[in-house]
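Chains as they are written, first to last, in this note's numbering: chain A, 243 to 377; chain B, 243 to 377; chain C, 243 to 377; chain D, 243 to 377. Below: one structure, written as structure tokens.
4 protein chains.
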Amino acid sequence: MGITLEQAQAAIKAAHQKALDMGVKMNIAVVDAGANLTAFARMDDAWLGSLDISIKKAKTARYFDMPTGEIGKLAQPGGPLYNIEHSNGGLISFPGGIPIMDSGNRVIGAIGVSGSTVEDDHAVAQAGVNAIQGQ
Amino acid sequence: MGITLEQAQAAIKAAHQKALDMGVKMNIAVVDAGANLTAFARMDDAWLGSLDISIKKAKTARYFDMPTGEIGKLAQPGGPLYNIEHSNGGLISFPGGIPIMDSGNRVIGAIGVSGSTVEDDHAVAQAGVNAIQGQ
Amino acid sequence: MGITLEQAQAAIKAAHQKALDMGVKMNIAVVDAGANLTAFARMDDAWLGSLDISIKKAKTARYFDMPTGEIGKLAQPGGPLYNIEHSNGGLISFPGGIPIMDSGNRVIGAIGVSGSTVEDDHAVAQAGVNAIQGQ
Amino acid sequence: MGITLEQAQAAIKAAHQKALDMGVKMNIAVVDAGANLTAFARMDDAWLGSLDISIKKAKTARYFDMPTGEIGKLAQPGGPLYNIEHSNGGLISFPGGIPIMDSGNRVIGAIGVSGSTVEDDHAVAQAGVNAIQGQ
């Protein structure tokens with residue numbers, strides 16, 4: 243559904259290379275249009291707790307077709323989606339998850355990255371997206 | 243812990259190639275010595291239900307350091323480990339999961355494959371193991 | 243509730259010593275009369291998958307106030323408690339869990355052991371029980 | 243993986259003694275480098291709800307290799323890791339969990355304590371850490 247394994251592995255490879263360039267240790271997950279895990283890589287000695295978070299970020303980004311950080315803005319106390327993280331077996335609503343579009347701007351999957359600051363996580367995820375979207 | 247990402251990706255690549263050669267569509271998971279997912283690939287159009295099974299096979303093989311099919315023999319009705327599958331958040335005890343050893347015969351991780359018959363699943367998993375163990 | 247920490251630690255110590263004598267690597271769990279974990283020890287290099295099983299064995303033995311293997315006899319296909327393992331977040335119904343009684347024959351807790359054959363598991367659990375019941 | 247049972251039991255013993263000195267009733271959990279429970283003790287009449295919290299604190303400290311209270315600072319509303327607690331089957335991000343290092347400053351496990359104020363919990367956990375790190 244949507245993204246192919248070949249595309250997903252290309253995203254993983256690009257994100258992995260970006261993480262090496264930045265000197266950070268990441269968990270990197272790619273899900274397809276059905277929010278099913280398609281490819282995954284855990285860098286040596288990356289945080290144990292980031293494994294689950296990277297997968298949840300990818301799923302969250304596809305569940306709502308927006309970067310996870312955007313959902314987080316809406317999910318603050320008093321916000322319209324407060325505590326949405328309780329749904330779907332647990333969401334992650336801080337940055338590091340980004341939808342992946344095809345050339346027709348249709349969502350074909352998403353990538354989730356976890357292992358450093360949320361800024362680093364997002365930057366590595368974006369590198370994965372760019373490898374597919376050709377930006 | 244144990245297997246490196248480089249080794250895990252080599253196992254995935256070899257298992258993937260074996261699946262292509264056999265004309266089957268597989269989910270392929272590799273866990274490290276701590277039973278943590280290290281690398282994963284889901285071939286296009288592989289069964290959706292096999293995603294979770296492949297990961298559970300890899301974990302099961304590492305949890306008890308034996309091929310999943312061996313556990314299944316002990317877990318039959320009347321057998322000593324009947325219904326062991328209810329532990330650890332769900333085990334899979336039919337073939338397709340195999341521990342991965344280093345040159346010193348120490349378990350460094352495991353591979354789990356699901357998507358076809360259990361014989362096919364096991365054969366593809368073994369191809370992944372062989373890529374690392376150099377057999 | 244029921245067993246004290248002092249008693250639970252005595253049971254763990256005796257079971258641990260028995261396991262050392264037998265040359266096996268065990269996970270050993272003791273729960274109180276409320277089926278709450280009271281003491282636990284995981285021997286170095288014991289099977290990862292046995293951690294959860296040892297705790298589930300102890301809980302199962304206290305849930306029904308009988309050795310886990312007795313429940314297993316009733317839980318076979320066609321038996322009166324077939325698939326009871328689906329309850330309570332997962333039961334384990336093969337040997338290795340034993341209730342612990344006080345001098346008035348009242349159940350004060352239970353011990354669960356996992357890491358070898360079910361016969362070994364049961365023998366190590368019995369050593370833990372004996373340390374408290376003074377047999 | 244990492245911490246030995248002997249070390250874990252030494253940490254439990256020291257933390258238990260500290261709790262007795264302070265007149266508080268604690269649940270004390272030690273996990274290894276793989277975040278697997280290695281030793282546990284529940285003091286008589288300690289809060290029932292603290293059992294799970296103590297284990298989750300130990301796991302959380304190892305998942306991210308930092309004291310749980312540090313994660314909590316980042317997980318406040320508006321913070322970069324807001325609601326991270328929904329990952330990994332439930333995290334605890336207030337004080338009482340501390341990583342345990344070896345002499346080479348490598349994380350070999352973690353301790354989690356729950357049963358009193360978070361300040362007391364942290365103090366008892368620190369006593370457990372000190373017993374191993376020899377401070």
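Glycine included, C-beta positions come from ideal geometry on N, C-alpha and C. Quick caveat: nothing in here was measured; it's all calculated off a predicted structure.
| query | result |
| --- | --- |
| Inter-residue spacing [alpha-carbon to alpha-carbon] between His258 (chain C) and Glu312 (chain C) | 24 angstroms |
| Residue range of the unbroken alpha helix (DSSP H) whose run includes Arg304 (chain D) | 292 to 306 |
| Chain A contacts made by the region 253 to 269 of chain B, where a contact means CB separation under 7 angstroms | none |
| Cβ pair count under 8 angstroms reaching 3, the region 315 to 327 of chain D against the region 246 to 263 of chain D | no |
| Distance, Gly339 (chain B) Cα to Ala253 (chain C) Cα | 36 angstroms |
| Cα-Cα separation between Gly291 (chain B) and Arg284 (chain B), rounded to whole angstroms | 11 angstroms |
| Cβ-based contacts, 7 angstroms cut-off: residues of the region 268 to 297 of chain C near chain D | Asn278, Leu279, Thr280, Ala281, Phe282, Ala283, Arg284, Met285, Asp286, Leu290, Leu293 |
| Terminal residues of the alpha helix (DSSP H) in which Thr359 (chain B) lies | Taken as a continuous stretch (DSSP letters only), Thr359 (chain B) belongs to no alpha helix (DSSP H), as it is neither H nor E. |
| Closest residue to Lys298 (chain B) among B:Ile374, B:Arg348, B:Pro341, B:Ser345 (Cα-Cα distance) | B:Pro341 |
| Residue from A:Val366, A:Gly370, A:Pro309, A:Gly276 whose Cα sits closest to the Cα of Lys267 (chain A) | A:Val366 |
| Nearest-angstrom Cα separation, counted from Lys301 (chain B) out to Asn278 (chain B) | 8 angstroms |
| is_contact[Met343 (chain D), chain B] using C-beta, thresh 8 angstroms | no |
| Chain B within 8 angstroms of Glu327 (chain C), Cβ atoms only | yes |
| Within-8 angstroms CB hit, Thr302 (chain D) to chain C | no |
| Whole-angstrom distance between Gly351 (chain A) and Gly276 (chain A), CA atom to CA atom | 7 angstroms |
| Coil, strand or helix - Met264 (chain D) by DSSP | helix |
| CA-to-CA distance, Val349 (chain D) to Asp274 (chain C), given in whole angstroms | 32 angstroms |
| Distance between Asp362 (chain C) and Asn269 (chain A) (C-alpha atoms, nearest Å) | 40 angstroms |
| Cβ-Cβ separation, Trp289 (chain B) to Gly331 (chain B) (assumed contact under 8 angstroms), whole Å | Not confirmed; about 21 angstroms, so no contact. |
| Under 9 angstroms (Cβ pairs) to chain B, residues found in the region 335 to 369 of chain C | Ser335, Phe336, Pro337, Ser356, Thr359, Val360, Glu361 |
| Limits of the unbroken alpha helix (DSSP H) element including Thr310 (chain D) | 310 to 316 |
| Contact check, Ala281 (chain D) vs Ala250 (chain D), beta carbons under 8 angstroms | yes |
| Residue from B:Met243, B:Thr246, B:Ala256 with nearest C-alpha to Gly370 (chain B) | B:Ala256 |
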